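Asker: Start counting the sequence shown at 1; every next residue gets the next number (UniProt numbering). Let me give you the structure first, and then I'll get to my questions.
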Amino acid sequence: MLKIAPSLMCTDLGNVEKDIKELDEAGIDLYHIDIMDGTFVPNFTLGPDFVKTVRELTDKPLDIHIMAEKPERFIDLFHQAGSDMIAIHAETTNNLQGTLTKIQDLGMKAGVAINPSTPLDVLDYVYNVIDYVVIMTVNPGFAGQTFIPEMYDKIANLKAEITNRNLNIEIMVDGNIGKDTIPKSKEKGATIFVGGTSSVYKSGLSLTENVKNTRNLLNG
Ligand code: DX5
Ligand code: ZN
1 MLKIAPSLMC TDLGNVEKDI KELDEAGIDL YHIDIMDGTF VPNFTLGPDF VKTVRELTDK
61 PLDIHIMAEK PERFIDLFHQ AGSDMIAIHA ETTNNLQGTL TKIQDLGMKA GVAINPSTPL
121 DVLDYVYNVI DYVVIMTVNP GFAGQTFIPE MYDKIANLKA EITNRNLNIE IMVDGNIGKD
181 TIPKSKEKGA TIFVGGTSSV YKSGLSLTEN VKNTRNLLNG
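Following this line, the structure appears as structure tokens:
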């Protein structure tokens, strides 16, 4: 089943409860919450207290995308805040295998996020402790950027790797995911679609209409 994951860094922070209620009713599948440290990426966004707030507002799975150096320092913090899934960047830790193992041992789904220039072979020896891979289709740090077209082949190559190894790993695509990029990302093997300013939070339409249009693209 293909899933829609609204990116809550794009939500109206003055109306989080109202937006979450509308998105839940519109039938989204999980929430994508971006965490940034101002070092790995030149921006700051949300934090553990925001996760705690969202946890009180919805039963949908909370997917935490940590764009921070040494994310192993924060796994307990985000677990206690109510996270169901945590993706860490392969580029930010010297202990990828141990940190992924810890995420799974705490009962959460473990993800690896990889930047556009990072090759897939960083995953070679950790496939057994991964539940999902986040293919960054833009350079991380900001919403509203442009999809890097070379990422289509990367999605296809990852899908082939997962199939060849007979694994049950989901492929999440994150960055400028919308009507121009969903069809080919889906065709190449993506299964979870992060909804930001090009889809769920596309200006001019309501969240409900945007979710409906996005679901139609996934079902198309
Ligand atoms: C960027 C974040 C994305 C971003 C997506 O670093 O990881 O989740 O919010 O926003 P759009 O879809 O507008 O690129
Ligand atoms: Zn993200």
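Backbone N, C-alpha and C define an ideal beta-carbon position, used for all residues, glycine too. Predicted model only: the values in this text are computed from it and were never measured.
#1: Can you grab the Cα-Cα spacing for the pair ARG55 / GLY82, in whole Å?
#2: Once DSSP output is grouped into helix, strand and coil, what is the label at TYR127?
#3: Count the CB pairs spanning the segment 196-212 and the segment 150-159 that are closer than 8 Å, and state whether there are at least three.
#4: What residue does the alpha helix (DSSP H) around TYR152 start on, and which one ends it?
#5: Quick check on DSSP: helix, strand or coil for ILE103?
#6: Under a CB-based cut-off of 7 Å, is PRO42 close to chain B?
#7: Nearest to GLU187 by CA position, among ASP37, LEU217, ASN94, is which residue?
#8: Quick one: is the Cβ of ASP174 within less than 6 Å of any heavy atom of the ligand ZN?
#9: Per the DSSP calculation, MET9 is bridged to which residue(s)?
#10: Just to check my reading of the structure: MET9 and ASP34 have Cβ atoms closer than 8 Å, yes? What is that Cβ distance to the nearest angstrom?
#11: Tell me whether the beta-carbon of GLY107 lies closer than 7 Å to the beta-carbon of MET136.
#12: Is there at least one non-hydrogen atom of the ligand ZN closer than 6 Å to the beta-carbon of HIS89?
#13: Could you check the C-alpha separation between ILE75 and PHE40 for me, to the nearest Å?
#14: Assuming residue 221 contacts GLY111 under a Cβ cut-off of 8 Å, what Cβ separation, rounded to an integer in Å, is found between them?
#15: Following a CB-centred definition, is THR197 positioned closer than 6 Å to any heavy atom of the ligand DX5?
#16: Are ILE192 and MET172 close, meaning C-beta to C-beta below 7 Å?
#17: For the beta strand (DSSP E) containing VAL134, name the first residue and the last one.
#18: From MET67 to GLY220, what distance separates their C-alpha atoms?
Answerer: Let me lay it out:
#1: Answer to the nearest angstrom: the Cα atoms are 6 Å apart.
#2: Reduced to three states, the DSSP call for TYR127 is helix.
#3: Using a C-beta cut-off of 8 Å, the segment 196-212 makes no contact with the segment 150-159, since fewer than three inter-stretch Cβ pairs fall below that distance.
#4: Note, TYR152: alpha helix (DSSP H), 151-164.
#5: Collapsing the DSSP output to three states places ILE103 in a helix.
#6: The displayed structure is made up of one protein chain only, and chain B is not part of it.
#7: For GLU187, the closest alpha carbon among the candidates ASP37, LEU217, ASN94 is that of LEU217.
#8: Yes, Cβ of ASP174 sits closer than 6 Å to a heavy atom of the ligand ZN.
#9: Its beta-bridge partners do not exist; DSSP assigns none.
#10: About 4 Å separates the beta carbon of MET9 from that of ASP34, a gap short enough to meet the 8 Å contact definition.
#11: No, the Cβ-Cβ distance between GLY107 and MET136 is not below 7 Å.
#12: The closest heavy atom of the ligand ZN lies 6 Å or more from the beta carbon of HIS89.
#13: Going by C-alpha positions, ILE75 is about 17 Å away from PHE40.
#14: As shown, the chain starts at 1 and ends at 220. That puts residue 221 outside it, with no answer to give.
#15: Result yes, Cβ under 6 Å from the ligand DX5.
#16: ILE192 is a Cβ neighbour of MET172, given a cutoff of 7 Å.
#17: Here the beta strand (DSSP E) through VAL134 covers 132-136.
#18: Going by C-alpha positions, MET67 is about 32 Å away from GLY220.
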